[in-house]
Every structure is written in structure tokens, then in C-alpha cells.
Amino acid sequence: MGGGARELAGYLVALAGWVSALAAAVLPQWRQSSYAGDAIITAVGLHEGLWMSCAAQSTGQVQCRLHDSLLSLEGGYGMSPATCRALMVISLLLGFFGIIVSVVGMKCTKVGEEDPVTKSRIAVAGGVLFVLSGLCTLAAVSLYATQVTSEFFRESIIPINARYEFGSALFVGWGASSLSMLGGSLLCCSCPAKERRGQQYHRQSQPSTARDYV
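Taking my numbering, the leading residue of the sequence shown gets 9, the next gets one more, and so forth.
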């Protein structure tokens, strides 16, 4: 795969990861009520996300409300969603800047094409931003999943009919982090190492050429 095609593929993959991370951040299904074990199946399904919680009735009606304090450091049963919110916001900001920077550095764009080395370095910088964005998403989703798992097995503290399990947004987030890091890694392959080696080879070959004419 050529350098330009690799950059374009990496950009599209990373862009898909950023869009998926945005979807994961706004979805209210980070955790959902569990029906495992002896839990009683009720007519109301509960879902909680970073910004709101929802109750789905058996009739299909869904009611959602924002959390009382988006800056609160503690949620139900010791849950700490503020850190996850901050990580997701940082991830989305890094990915947004990665989108802009990568467009400038890609070979298929005309911006700065008179200096291909600098242009390649800009593409690498965009790839690094995407990788960092993916790492932030991975950290947020994994931290939340760890909290859900820890609370699920606290039988002496949490009633069995009040437990939560992984929601679909967590899996979207894991997929988003993988796409962002994969796309960013492909963009990082734009490092102009071959061009530097070519310049060094050209300089080394000049003295021998001069001796031939003596």
C-alpha cells in the first residue's frame, strides 16, 4: 500500500473511531439493570450513562433525565463518573484536533505540498493525536467497566435486584478506541524516514563522483 493510500485509510479508520467515541459518550447505555441469577424481571429496564439515566417501560415508553450534578464526584454505590466524563471529553477534543491536523498533513491534500517532509510530520502529529484520543477512550470505558464489575459482585452491599451489568455503550467505546489507535498508527507511518535516508545516500555518493573526474 502506497503512502498516500495508507494515510487515507488511516484517516478514515480514525475518523470512524472518533464518530464512534462521540456516540459512546452520548449514549445512556453505559450500564443497564441486570437480570442475572435470581434477579426479578421487572417491567422497567434501567439504563445509565455519563450524562443521564433512563427508564424503559414494557410498553416501549422511555423516560430520561439528566444527572442532578454533572460535576459530582460520586454516583450510586460509589460510582465515580466524573473521571470518565473528563476522559471522554479530552478524547473527543484530541480526536477533533487530530481530524484537522491530519487533513493538513495528508499527501492527498494540496496544503503545504511544497514541503513534503514537513507535511509528513504534520500527518504524524495528527496520528499521535488520534492514538492519544483512543487511549483516553479506552481508559474511560475500562474504568467504568471495572466499577460496574466490582459493584456487581458486592452481594453484601448491593441488593440483587439493584445490580447493573455492561451496557452497549461500553462495547461501542472499546471498538472506538481500537479504531482510533489503529487509524492513528497508520498515519504515524507517514514519518519521512525514507526521504532522509535518500538525502544521506545522495550526499555520500557525491565525493566518489568527484574523484572519478580527477
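Yeah, the Cβ is synthetic: ideal placement off N, Cα and C, and Gly gets one too.
{"Asked": "Candidates GLN71, VAL97, TRP38 and ALA64: which alpha carbon is nearest GLY142's?", "Found": "VAL97"}
{"Asked": "In whole angstroms, what is the alpha-carbon distance linking GLY175 and GLY53?", "Found": "12 Å"}
{"Asked": "Name the DSSP bridge partner or partners of ARG73?", "Found": "SER61"}
{"Asked": "What separation, rounded to the nearest whole angstrom, lies between the Cα atoms of ALA63 and ILE107?", "Found": "36 Å"}
{"Asked": "Looking at PHE138 and ALA13, is the spacing between their C-beta atoms short of 7 Å?", "Found": "no"}
{"Asked": "Taking the Cβ atom as the reference point for each residue, do THR154 and ALA29 lie within a distance shorter than 7 Å?", "Found": "no"}
{"Asked": "Is DSSP giving ARG171 helix, strand or coil here?", "Found": "coil"}
{"Asked": "Could you name the residues that DSSP lists as bridge partners for GLU159?", "Found": "Note: GLU159 sits in no beta bridge, so no partner."}
{"Asked": "Tell me, to the nearest whole angstrom, how far the beta carbon of ALA24 is from that of LEU187; I am working on the premise that it is less than 8 Å.", "Found": "5 Å"}
{"Asked": "Would you mind sorting SER99 into buried or exposed? The rule is 16 or more other CB atoms within 10 Å of its CB.", "Found": "buried"}
{"Asked": "Give the range of the alpha helix (DSSP H) segment to which SER188 is assigned.", "Found": "176–196"}
{"Asked": "Classify VAL21 as helix, strand or coil using the three-state DSSP reduction.", "Found": "helix"}
{"Asked": "Using only the alpha-carbon positions, how far apart do LEU102 and VAL70 sit?", "Found": "33 Å"}
{"Asked": "DSSP three-state call for LEU146: helix, strand or coil?", "Found": "helix"}
{"Asked": "Can you check which of these residues, LEU35, VAL27 and SER41, is closest to GLN65 by C-alpha distance?", "Found": "SER41"}
{"Asked": "Could you check if SER198 is buried or exposed, using at least 16 other CB atoms within 10 Å of its CB as the buried criterion?", "Found": "buried"}
{"Asked": "Alpha carbon to alpha carbon, what distance is there between THR157 and VAL136?", "Found": "31 Å"}
{"Asked": "With 16 other CB atoms within 10 Å as the buried threshold, where does PRO124 fall?", "Found": "exposed"}
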